[in-house]
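First comes the structure, then the notes that go with it.
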Amino acid sequence: MSGEEGESKVSTYETYVSTPSERTVLLVKARGETWRDKIGLYEPTEPNFWRYVFAEFVYTLIFTIIACGCSLNLGQPRSDLHQAVCVGGIVAVLITVSAEKLGYFNPALSFGLLVAGEIKFVRFFVYAAVQVAGSCAGAGLLYLYTPSNVRGHLGTLSIHDDLLVGVAFVVELTLTFIVMLVIIAARDPDNQFSLLQSNMVVGLSVAVAMLMGMPFTGAGVNPIRAFGPAAVTGNLVHEHWVYWVGPLVGALCASLSYKYIFKLGEEKPKEKAQPMPTVHMKIKSTSNSSV
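Going letter by letter, the sequence shown gives residues 10 to 300 in this note's numbering.
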């Protein structure tokens, strides 16, 4: 092999795996995907992973402060419309400024993305952990700077007195199903939504869910919206499971329903698996000795 040929092929290899993520994908293809790859054990070693995690914490903290703060009565009662617009608006704003690999500062929606194959298990697990931490931190900050005479339960959600717990579960399931379905559809490249369109539609779906659900359960939709203020104020009642199980089941049903029922358009034929790029790897390892 001539020196020029060796340099040309090495350059092609370096372009193909120019980032750590691409190198990871190359190695996975070369050796075959293992169960560790399927759950994403390699992701914490990627340079941007922990940046996404920190961003998820900050977004959750901000969301909790806004969502709980807009429900407090600081001299004048807050209407359902006021709270719905506030929460839907902050969701649209945060997902607009966020990165692509977002957990939507919501463990239920992150779980829906996991079921849809958009994120892997390790990312979901870490996101869920920092979302819980972010909600507690946000509720704690709100508790500190809210006057004690209006603090109350800090916007802790509760089920209407005349509502059965089973009905409350169905309400939370239904509301989260709607929001998750919108998110999956908005992220689907086949639907060709612009970034602004998809973010506005997601925010609008959250606002609609809030308007419908507030008289029944307070419209949790997001488990950490219920958990943060309840944990900080010590109001974790025995019905609290409704705000976790309902949204998680709703997100699961929405992801599966979109994949098998609601997804529009013709299915694209699956691409044939590309041959393993072992040639590039061999050239890379022998390029130093070529003359």
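Note that the Cβ used here is the ideal one computed from N, Cα and C, for glycine as well.
Residue i versus the options, residue with shortest Cα-Cα distance
i, options, result
"Ala195", "Phe271, Gly175, Cys77 and Gly149", "Phe271"
"Val96", "Glu248, Ser167 and Gly212", "Gly212"
"Gly243", "Leu50, Lys47 and Cys145", "Cys145"
"Glu127", "Gly49, Val254, Ala240 and Phe186", "Gly49"
"Leu81", "Phe114, Ala142 and Tyr154", "Tyr154"
"Val180", "Glu42, Ser167 and Pro56", "Ser167"
"Val94", "Glu248, Trp59, Val210 and Val241", "Val210"
"Val159", "Leu83, Val176, Pro232 and Leu204", "Leu83"
"Pro116", "His247, Leu261, Pro232 and Trp44", "Pro232"
"Asp170", "Glu248, Leu103 and Gln85", "Glu248"
"Ile187", "Arg45, Arg87, Ser88 and Cys262", "Cys262"
Distance between residue j and residue i (C-alpha atoms, nearest Å)
i, j, result
"Val174", "Gly237", "21 Å"
"Thr1", "Gly78", "Examination of residue 1 is not possible in this model, given that the chain is present from 10 through 300 alone."
"Gly227", "Ala76", "11 Å"
"Asn57", "Leu182", "33 Å"
"Val241", "Leu220", "26 Å"
"Tyr51", "Val102", "31 Å"
Helix, strand or coil at residue i according to DSSP, with G and I counted as helix
i, result
"Glu248", "helix"
"Glu42", "coil"
"Arg87", "coil"
"Pro232", "helix"
"Glu52", "helix"
"Ile168", "coil"
"Ser157", "helix"
"Tyr136", "helix"
"Ser20", "Note that Ser20 scores 37 on pLDDT, short of 50, meaning its location in the model is unreliable; the coordinates nonetheless yield the value given after this. Helix, per DSSP."
"Gln92", "helix"
"Lys268", "helix"
Buried or exposed (CB count within 10 angstroms, at least 16 for buried), residue i
i, result
"Val251", "buried"
"Phe4", "No statement about residue 4 is possible, as the shown extent of the chain runs from 10 to 300 and does not include it."
"Pro256", "buried"
"Tyr269", "exposed"
"Tyr61", "buried"
"Thr185", "buried"
"Leu204", "exposed"
Cβ-Cβ separation, residue j to residue i (assumed contact under 8 Å), whole Å
i, j, result
"Gly121", "Ser264", "5 Å"
"Ile71", "Leu151", "With a Cβ gap of about 11 Å, Ile71 and Leu151 do not count as contacting."
"Gly112", "Tyr136", "4 Å"
"Leu118", "Met189", "6 Å"
"Val139", "Pro53", "Actually they are not in contact, since the Cβ atoms of Val139 and Pro53 sit about 13 Å apart, beyond 8 Å."
"Ile193", "Ala125", "6 Å"
CB contact check: residue i to chain C, cutoff 9 Å
i, result
"Met223", "Among the protein chains of the structure shown there is no chain C, as only one such chain exists."
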